[in-house]
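Numbered by my numbering, the letters in the sequence shown go through residues 1 to 127 in order.
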Amino acid sequence: MPRVVHFEIHADDPQRAANFYQGVFGWDIKKWEGPEDYWLVTTGKAPEPGIDGAILKRMGPINGDAVIAYVCTVDVPSVDDAIAKITSHGGTIVLPKMPVPGVGWLVYAKDTEGNIFGSLQSDHNAA
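Here it is in structure tokens:
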């Protein structure tokens with residue numbers, strides 16, 4: 001079955017976005033040595049679950065329309081700590097912490113570039 005193997009975060013300022021994600025999640029982010037303004041993102045080490053991706057220069061303006069995209073959700077040890085890191089690094093919370101019964105705690109946020117992402121803390125007792 002086909003699987004998601006890569007993600008891309010579009011940014012007006014790729015360096016600012018890299019600083020945000022390094023600060024919030026501790027990801028390893030390095031500028032690609034190729035001709036494009038492209039930053040490689042490593043989110044963890046094998047064999048841990050997850051995928052790696054990239055940050056690239058946004059192509060075109062943000063027009064204020066509804067988001068038509070995938071929302072990537074990041075597994076975190078603590079949603080409360082993630083919220084603190086997100087806001088201290090210039091992000092904003094767009095969907096407050098909420099329980100996903102039997103799964104955990106979820107929050108949606110916007111990064112410094114206006115992209116929405118989720119943070120999920122596993123907790124089978126969440127209700």
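For each residue, glycine too, the CB sits at the ideal point set by N, CA and C.
For the options Leu56, Val41, Pro101, the alpha carbon positioned closest to that of Asp28 is the one of Val41. With distances taken between CA atoms, Gly91 lies nearest to Val24 out of Val24, Ile9, Glu8, Asp13. Annotation: the stretch 94-126 contains the following complete segments of the beta strand (DSSP E) (minimum length 3 residues), in chain order: 104-110, 116-122. About 5 Å separates the Cβ atoms of Val79 and Val107, confirming a contact at the 8 Å cut-off. The beta carbons of Pro101 and Ala82 sit about 20 Å from each other, so the pair does not count as a contact at 8 Å. Gly104 and Ala84 have their C-alpha atoms spaced approximately 18 Å apart.
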